[in-house]
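Participant: Residue numbers (our numbering): 340 to 610.
Sharing a structure below in structure tokens format, with a few things to ask.
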């Protein structure tokens with residue numbers, strides 16, 4: 340199957356199967372994350388309190404754990420949900436927002452690594468800090484480029500068995516010694532709240548839908564980045580700033596076609 344055809348096929352599977360994605364995410368990005376999932380065809384549920392998070396994660400199609408605003412109960416809910424997802428076989432994505440300089444979320448992220456996330460998504464500084472090879476960025480903003488994080492991404496992927504998705508101007512998806520670069524998108528994604536956070540949730544949706552087509556987690560993660568980048572590129576061409584980009588991006592996700600994916604460049608390399 341051609342690359343663009345595969346990405347479009349998984350997107351269609353999301354639209355047709357409506358995977359239910361449980362999101363334990365930060366309060367700043369929750370609304371946009373839900374909108375991105377809905378626009379893409381998935382169903383969001385923000386279940387982040389103890390006593391419910393585990394039950395729901397076990398029943399959901401996929402799970403996102405995002406550490407953007409980890410209040411004490413949400414930290415407990417994250418552990419509960421990750422454990423339940425592991426037992427139920429629910430694929431889950433870890434987004435270690437701002438790890439490194441902030442002690443509570445850094446400790447939590449490292450604990451969660453032992454609970455077998457399928458994908459870890461973050462910027463270069465977050466990936467390096469999680470691996471213990473960097474001190475983190477400026478809050479959620481990266482202080483490092485994607486290439487500098489590839490060694491850390493590869494080492495953690497091999498050690499823990501997850502797919503590492505490193506976000507930047509050119510995204511890199513690392514699975515052991517294999518790496519895929521996705522070139523496209525728009526810097527405008529960094530000018531709206533929650534662009535990266537919503538991507539983590541959409542990755543979970545693509546993995547869940549991809550399972551219906553025997554598409555593995557790595558290929559589904561690449562497909563998600565292709566779709567996200569193509570939608571951002573199309574939205575940027577139709578907007579004049581962040582205020583118009585946000586709804587244009589949701590519209591692009593809603594009706595993105597196979598032809599839109601041709602604008603995104605994808606290359607395979609050794610990590």
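Note that the Cβ used here is the ideal one computed from N, Cα and C, for glycine as well.
Given the structure is predicted, the values throughout are model-derived calculations rather than measurements.
Compare the C-alpha of residue 451 against each of 359, 567, 362, 414 and name the closest.
Facilitator: Selected option, being the one with the closest Cα: 414.
Participant: For the beta strand (DSSP E) that residue 518 lies in, which residues bound it at each end?
Facilitator: It spans 517 to 522 - the beta strand (DSSP E) in which residue 518 sits, taken as one unbroken run.
Participant: Would you report the Cα separation of residue 605 and residue 517, rounded to the nearest angstrom?
Facilitator: Roughly 13 Å between the two C-alpha positions.
Participant: Is it buried or exposed, residue 399, if we count other Cβ atoms within 10 angstroms and call 16 or more buried?
Facilitator: Residue 399 is buried by the Cβ-count criterion.
Participant: Using only the alpha-carbon positions, how far apart do residue 495 and residue 501 sit?
Facilitator: The alpha-carbon atoms of residue 495 and residue 501 are separated by roughly 8 Å.
Participant: Spatial neighbours of residue 522 within its chain, please: CB distance less than 6 Å, with the 5 preceding and 5 following residues excluded, ordered by chain position.
Facilitator: Cβ within range, chain order: 509, 604.
Participant: Go to residue 510, then tell me how far its beta strand (DSSP E) extends in each direction, as first and last residue.
Facilitator: First-last of the beta strand (DSSP E) with residue 510: 509 to 514.
Participant: Just verifying my parser: in three-state terms, what is the DSSP assignment at residue 609?
Facilitator: Strand at residue 609.
Participant: Which term fits residue 530, buried or exposed, when burial requires 16 or more other beta carbons within 10 angstroms of its beta carbon?
Facilitator: Residue 530 comes out exposed.
Participant: Could you tell me the distance, in whole angstroms, from the CA atom of residue 490 to the CA atom of residue 463?
Facilitator: Cα to Cα, residue 490 sits roughly 11 Å from residue 463.
Participant: Let me know the secondary structure DSSP gives residue 581 once reduced to three states.
Facilitator: Here residue 581 sits in helix by DSSP.
Participant: Compare the C-alpha of residue 433 against each of 458, 420, 442, 444 and name the closest.
Facilitator: Taking only the C-alpha atoms, the option nearest residue 433 is 458.
Participant: Between the beta-carbon of residue 360 and the beta-carbon of residue 540, is there less than 8 Å?
Facilitator: Their beta carbons are under 8 Å apart, which means residue 360 touches residue 540 by this criterion.
Participant: Identify whether residue 380 lies in helix, strand or coil by the three-state DSSP scheme.
Facilitator: DSSP places residue 380 in coil when its eight states are reduced to three.
Participant: Which one of 365, 376, 363, 368 has the shortest CA to CA distance from residue 547?
Facilitator: Answer by Cα proximity: 376.
Participant: Could you give the first and the last residue of the continuous alpha helix (DSSP H) run that contains residue 361?
Facilitator: Unbroken run through residue 361 is the beta strand (DSSP E), 359 to 363; no alpha helix (DSSP H).
Participant: Kindly indicate which three-state DSSP category residue 436 falls into: helix, strand or coil?
Facilitator: Residue 436 falls in the coil class under three-state DSSP.
Participant: Can you name, in chain order, every residue of its own chain whose Cβ lies under 6 Å from the Cβ of residue 465, other than the five neighbours on each side?
Facilitator: Counting only Cβ-Cβ distances below 6 Å, and skipping sequence neighbours, we find 435, 438.
Participant: If you compare alpha carbons, which of 568, 551, 543 is closest to residue 658?
Facilitator: Only positions 340 to 610 of the chain appear in the structure, and residue 658 is not among them; the question remains open.
Participant: Let me confirm a value: residue 453 is counted as buried when at least 16 other C-beta atoms fall within 10 Å, else exposed. Which label applies?
Facilitator: Per the 10 Å Cβ criterion, exposed.
Participant: Beta-carbon separation of residue 429 and residue 396 under 8 Å?
Facilitator: Yes.
Participant: Please classify residue 475: does DSSP put it in a helix, a strand, or coil?
Facilitator: Coil, per DSSP.
Participant: Counting along the chain, where does the alpha helix (DSSP H) carrying residue 546 start and finish?
Facilitator: Per DSSP, residue 546 belongs to the alpha helix (DSSP H) from 534 to 550.
Participant: CB of residue 496 to nearest heavy atom of the ligand NAP: below 7 Å?
Facilitator: Among the ligands in the structure shown, none appear at all, so the ligand NAP cannot be discussed.
Participant: For residue 388, which of helix, strand or coil comes out of DSSP?
Facilitator: Of the three classes helix, strand and coil, the one that applies to residue 388 here is coil, per DSSP.
Participant: Under a three-way DSSP split, which group does residue 347 fall into?
Facilitator: In the structure shown, residue 347 sits in a helix (DSSP, three-state: H, G or I).
Participant: On a CA-only basis, which of 579, 370, 357, 426 is nearest residue 393? Give me that one, please.
Facilitator: The residue with the shortest Cα to Cα distance from residue 393 is 426.
Participant: Among the residues of its own chain, which have a CB less than 8 Å from the CB of residue 484, if the five just before and after it don't count?
Facilitator: Only 463, 507 meet the Cβ criterion.
Participant: Could you please give me the residues that DSSP links to residue 502 through a beta bridge?
Facilitator: 458, per the DSSP bridge assignment.
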